[in-house]
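*Asks:* I have a structure here, written as structure tokens, and I will follow up with some questions on it.
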Amino acid sequence: MTSDGVVVDEAVRAAWDSYRVLERRTSEEERGHAQERVRAAMDLYGREEVSRGSVFLVGVLTAHIAGPEEDGFDPLSDLIPAVIRKLPSFELADPAQVPMATGVIMAAAMGMNTVAWRDQFGAIPPQEALVHSFVLWLLADLFDSLAEQPGAIDLIMRETFDSMTADPA
């Protein structure tokens, strides 16, 4: 595990791949590739680091969706209820993990480093990690709805990851 709220790049990419596994628009072939990349990252960096990658991405999407007060969702009255209310639709979402997931969203809305905030509470148990993955999917879905373009956030994220691996020469 890295420190100071920093997450290994490959763990962040694997966290996004976890979103792609959940996303129904992902083709079966790409879903299989995403699952392989997640397994490889977990083998190399550990489940904990990939879970921290999900927490990082929840922070990124929350900050973007909440945005400036005049443009974004109000975190308390709009964003958190819009996301948390839908968590029970995921049968595997453990209700006991919702307070921590809510805390991560609030930390992001307050401009805090979500990974550093979450790290202060110790290791992320598997049940909580799963809830962060579901929250990431819900935030991505909300982003796409606000953009009125299905798959918009996936395209942005994949272009971002591609630009990070592009040869600077």
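Residue numbers for the sequence shown, in our numbering: -15 to 153. No residue lacks a Cβ here, since even glycine has one placed at the ideal position from N, Cα and C.
Please state the DSSP three-state secondary structure of Arg8.
*Replies:* Indexing the sequence shown from 1 puts residue 8 at position 24. DSSP places Arg8 in coil when its eight states are reduced to three.
*Asks:* Out of Gly51, Ser38 and Pro83, which has the shortest C-alpha to C-alpha gap to Leu130?
*Replies:* On the sequence shown, position 146 is the one that residue 130 refers to. The option with the nearest alpha carbon to Leu130 is Gly51.
*Asks:* Which term fits Gln111, buried or exposed, when burial requires 16 or more other beta carbons within 10 angstroms of its beta carbon?
*Replies:* On the sequence shown, position 127 is the one that residue 111 refers to. Flag for Gln111 reads exposed.
*Asks:* Does the Cβ-Cβ distance between Val5 and Arg15 come in under 7 Å?
*Replies:* Position 21 of the sequence shown, counted from the first residue, corresponds to residue 5. Position 31 of the sequence shown, counted from the first residue, corresponds to residue 15. Against a cut-off of 7 Å, the Cβ pair of Arg15 and Val5 comes out as a contact.
*Asks:* Less than 7 Å separating the beta-carbons of Val(-9) and Gly43?
*Replies:* The sequence position of residue -9 within the sequence shown is 7, counting from 1. The sequence position of residue 43 within the sequence shown is 59, counting from 1. No, these two residues do not count as a Cβ contact at 7 Å.
*Asks:* With 16 other CB atoms within 10 Å as the buried threshold, where does Ala122 fall?
*Replies:* Here residue 122 corresponds to residue number 138 of the sequence shown, with the count starting at 1. According to the sequence shown, residue 122 is Leu rather than Ala. It is buried - the Cβ of Leu122 has at least 16 other Cβ atoms within 10 Å.
*Asks:* May I have the straight-line CA-CA distance separating Ala153 from Val(-4), to the nearest angstrom?
*Replies:* One-based indexing of the sequence shown puts residue 153 at position 169. One-based indexing of the sequence shown puts residue -4 at position 12. Low confidence applies to Ala153: its pLDDT is 48, below 50, so where it sits in the model is not reliable enough to give any reading.
*Asks:* Who are the near neighbours of Leu120 in its chain, counting only those whose CB is closer than 6 Å to its CB and skipping five residues on each side?
*Replies:* Position 136 of the sequence shown, counting from 1, holds the residue named residue 120. Taken in chain order, the residues that qualify are Tyr3, Ser38, Leu41 and Val42.
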